[in-house]
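Heads up: take any position in the sequence shown, counting from 1, add 125, and you land on my numbering.
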Amino acid sequence: MSYEIIKFVHILLLVFWLGTDIGVLLLARRFRDSGLSVQTRVALLQMAMVIDTLPRICFIAMLPAGVHLANAGGWLAVGTPGMVGLWLLAAVLLTINMSAAKHIGTPLGGRLQRLNWSVLAITGAIIIAVGVASLLGSGPAMASWLAVKIVIYGLVFLFAIGIDWLFIPIGQLTAELLEKGSSAQVEAGITRSVDQTLWAVLAVYAATLAAAYIGIAKFNF
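Next up, the structure:
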């Protein structure tokens, strides 16, 4: 695959990742509006969960696509076995991630979510370690800007776990909303959970945009 094609794919992944995720964010915030009917609020939340599929795909696909781009641009030397392994890893991560989202609110979904968090945490930690090792001169040979970008991307894995973890109470609160209707306690819980999740979402946005700008400017650190 040529450098131009993989660069185009990389840009598309960024656009669809952040672009659609903003839609998820706006729908989740609208879900807090107690002035809307319960049915409308639940429909908004369900729509947000459907749209959230695309950011999840793009976030994970960025790993092999980014390495592929760096390899094609001559900034990183990764052989064919390594690239195949990264794409297979992304497929496994995506399968676990999407399965956890599909079965959310069930015992199976809980187990899959814990597995999802574990593999994301391990993958993120490894990515950060590779970037830091490169900066210290003991890891893969690469420019300092690329190493910093890799570290930031690894942090995004941890922020993504934070989003899912902070959003957990919404499942139970939505069930109470459907069963008992709106109450001050339920509304306070919904507002608190959505607002807390917002900070993790903003951290993802900031980190992703910072990594993108570093990739364009190619600063020397």
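Even for Gly, the Cβ is constructed at its ideal location relative to N, Cα and C. Since the model is a prediction, treat every value here as computed from it, not as a measurement.
Pairing L303 with V167 gives a Cβ-Cβ distance under 8 Å. When only Cα atoms are considered, S162 and I339 end up about 45 Å apart. Boundaries cannot be given for V203, as no alpha helix (DSSP H) includes it and DSSP labels it neither H nor E.
Under the three-state reduction of DSSP output, N345 falls in the coil class, being neither helix nor strand. Within a 10 Å sphere around the beta-carbon of R181 sit 16 or more other beta-carbons, which makes this residue buried.
Under the 10 Å beta carbon count, P232 is surrounded by fewer than 16 other beta carbons and is classified as exposed. A residue is called buried once 16 or more other Cβ atoms fall within 10 Å of its Cβ, and S127, having fewer, is exposed. When the beta-carbon positions are compared, I275 and V244 stay at least 8 Å from each other.
For I293, there is no enclosing alpha helix (DSSP H), as DSSP marks it with neither H nor E. Within the same chain, Cβ atoms closer than 7 Å to the Cβ of G314 are found at P294 and L298, the five residues on either side in sequence being excluded.
Distance check between A268 and each of V319, W200, A226 and I252 places W200 closest, using alpha-carbon atoms only.
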